[in-house]
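K.L.:
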Amino acid sequence: MFSALGSAQGLVILLLSLAAFAAEVFAFVDAMRRRPDAFIAAGKRTKKFWSIVTGVAVLLGFISVANSFTLFSVGIIAIVGAGIYLADVRPALQQVSGSGRGGQHMGPYGPW
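Here you go:
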């Protein structure tokens, strides 16, 4: 019974690590695609800073997935960096770049 519980716990940790790694890769790719001046216009740190933060998050996330049982805390550190980018920096960049919705209700043919 305990071995089944242990393998279920290991599977949950692996799935969480994979989901976190996917978010970290998404944050890194998004940071790399943005213009450097958009970061300054949004009042955030530079593109270089966020590229390094999300790049290190991807590296730590990969290490965490590879050793999900022993290095789960490293994965938590990695998702914090990517999470800050996704929750704070990315929405600000979308507003500056004009790719955000800006609070309008958009239908298939325009605002409503």
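Numbering (our numbering), first residue to last: 103 to 214.
Yeah, the Cβ is synthetic: ideal placement off N, Cα and C, and Gly gets one too.
Just so we're clear, the structure is a prediction, and the values are computed from it rather than from any experiment.
Tell me where the alpha helix (DSSP H) around Arg136 begins and ends.
P.N.:
As a position in the sequence shown, residue 136 is number 34, starting the count at 1. From DSSP, Arg136 is part of no alpha helix (DSSP H); its letter is neither H nor E.
K.L.:
Cα separation between Asp139 and Ser109?
P.N.:
As a first step, residue 139 is located in the sequence shown; it is residue number 37 there, counting from the start. As a first step, residue 109 is located in the sequence shown; it is residue number 7 there, counting from the start. Computed Cα separation, rounded: 48 angstroms.
K.L.:
Leaving aside the five residues before and after Arg192 along the sequence, list all residues of the same chain whose C-beta is less than 7 angstroms from its C-beta, in chain order.
P.N.:
Position 90 of the sequence shown holds residue 192. Same-chain partners within the cutoff: Asp132.
K.L.:
Decide yes or no for the touch test of the segment 180 to 188 against the segment 157 to 167: beta carbon pairs closer than 8 angstroms, at least 3 of them.
P.N.:
Yes, they touch.
K.L.:
Among the residues of its own chain, which have a CB less than 7 angstroms from the CB of Met134, if the five just before and after it don't count?
P.N.:
The residue you call residue 134 lines up with position 32 of the sequence shown. Counting only Cβ-Cβ distances below 7 angstroms, and skipping sequence neighbours, we find Ser153.
K.L.:
Please classify Leu161: does DSSP put it in a helix, a strand, or coil?
P.N.:
The residue labelled residue 161 in the question sits at position 59 within the sequence shown. Helix at Leu161.
K.L.:
Which of the three DSSP states, helix, strand or coil, is assigned to Thr148?
P.N.:
Taking the first residue of the sequence shown as position 1, residue 148 is located at position 46. Coil.
K.L.:
Within the continuous alpha helix (DSSP H) that includes Gly183, where are the two ends?
P.N.:
The residue labelled residue 183 in the question sits at position 81 within the sequence shown. Per DSSP, Gly183 belongs to the alpha helix (DSSP H) from 174 to 186.
K.L.:
Can you tell me whether Val114 is buried or exposed? The criterion is at least 16 other CB atoms within 10 Å of its CB, across all chains shown.
P.N.:
Here the question's residue 114 lines up with position 12 in the sequence shown. The residue is exposed, with fewer than 16 neighbouring Cβ atoms inside 10 Å.
K.L.:
Phe141: buried (16+ other C-beta within 10 angstroms of its C-beta) or exposed?
P.N.:
Taking the sequence shown and counting its residues from 1, the one referred to as residue 141 is at position 39. Its Cβ being crowded by 16 or more others within 10 Å, Phe141 is buried.
K.L.:
In three-state terms, what does DSSP make of Leu117?
P.N.:
Residue mapping note: residue 117 aligns to position 15 of the sequence shown, counting from 1. Leu117 falls in the helix class under three-state DSSP.
K.L.:
So Phe174 and Gly157 are in contact, right, with Cβ under 8 angstroms, and what is the actual spacing, rounded?
P.N.:
Counted from its first residue, the sequence shown places residue 174 at position 72. Counted from its first residue, the sequence shown places residue 157 at position 55. The Cβ separation is near 21 angstroms, so there is no contact.
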